[in-house]
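*Asks:* Take a look at this one; I'll ask things after.
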Amino acid sequence: MTIFQEQLKQSHFILFATSLLFFATGCSNQTEQSSPSPKAAPVKPLGPPPEGQSEPEVSPEPKTSMTHSISVETEYYKGGPQQGSPPDGKLTAGTEVKLVESAGSYSLIETAEGEQAYISSDALNKIAGR
1 MTIFQEQLKQ SHFILFATSL LFFATGCSNQ TEQSSPSPKA APVKPLGPPP
51 EGQSEPEVSP EPKTSMTHSI SVETEYYKGG PQQGSPPDGK LTAGTEVKLV
101 ESAGSYSLIE TAEGEQAYIS SDALNKIAGR
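Oh and the sequence shown: position 54 is 54 in UniProt numbering, straight run, nothing missing.
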């Protein structure tokens, strides 16, 4: 073996050992150790309101207004408008939905329960005034 081959073999070993040591010590932990994570302050419960004041009223979240209704019973697909897989279910005629995005022959809709799915765009009727 020539001197050059011996030096090359040694440098490969050193590079391998250094890489192994680098990953074994967790190189990404160094930044985590230098900046400790903040701790959340303890939450104190609120007492009763001061004398002469009443409890604040909490208004419910506004419901998403439905923009369309389903004209005929139609199949829906949650993962995308793929025709090659069976539908995930059916929506009955008259169901009100919100149009999220129209994409040609299929549209992404959201139900009153917050579920999103793709249906045939032909099955949508715009609700007047919405």
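All residues carry an ideal CB built from backbone N, CA and C; glycine is no exception.
(1) For A103, which residues of its own chain have a beta-carbon under 6 Å away from its beta-carbon, when the five flanking residues on both sides are left out?
(2) Does the contact criterion of 3 or more C-beta pairs under 8 Å hold for the stretch 39-51 versus the stretch 90-102?
(3) So which of A128, P87, I70 has the shortest CA-CA distance to D122?
(4) If contacts are defined as beta-carbon pairs under 8 Å, then M66 and K98 qualify, I think. What distance do you get, rounded to the angstrom?
(5) Roughly how many whole angstroms lie between the Cα atoms of Y106 and G129?
(6) Report the partner residues of T74 according to the DSSP bridge assignment.
(7) Name the two residues that bound the continuous beta strand (DSSP E) containing V97.
(8) Have a look at E96 and L46 and give me their C-alpha separation to the nearest angstrom.
(9) Do the CB positions of T92 and S120 come within less than 9 Å of each other?
(10) Leaving out five residues before and five after G116 in sequence, what residues of the same chain have Cβ atoms less than 8 Å from its Cβ?
(11) Quick one, are the C-beta atoms of residue 148 and G94 less than 9 Å apart?
(12) Would you list the residues sitting across from Q53 in a DSSP beta bridge?
*Replies:* This is what the structure holds:
(1) Within the same chain, no residue comes within 6 Å of A103 by CB-CB distance, once the 5 residues on both sides are set aside.
(2) Here the stretch 39-51 makes no contact with the stretch 90-102; the two share fewer than three CB pairs at distances below 8 Å.
(3) It is I70.
(4) In this structure M66 touches K98 by the C-beta definition: roughly 5 Å separates them, less than 8 Å.
(5) Whole-angstrom Cα-Cα distance: 23 Å.
(6) For T74, which the question treats as bridged, DSSP gives the partners L91.
(7) Where V97 is concerned, the enclosing beta strand (DSSP E) stretches over 96-103.
(8) Taking the straight line from one Cα to the other gives about 40 Å.
(9) In this structure, S120 does not lie closer than 9 Å to T92 by Cβ.
(10) According to the sequence displayed, residue 116 carries Gln and not Gly. The residues are K78, V100, L108, I109, E110.
(11) Absent from the structure is residue 148, since the part of the chain shown begins at 1 and ends at 130.
(12) None; Q53 has no bridge partner.
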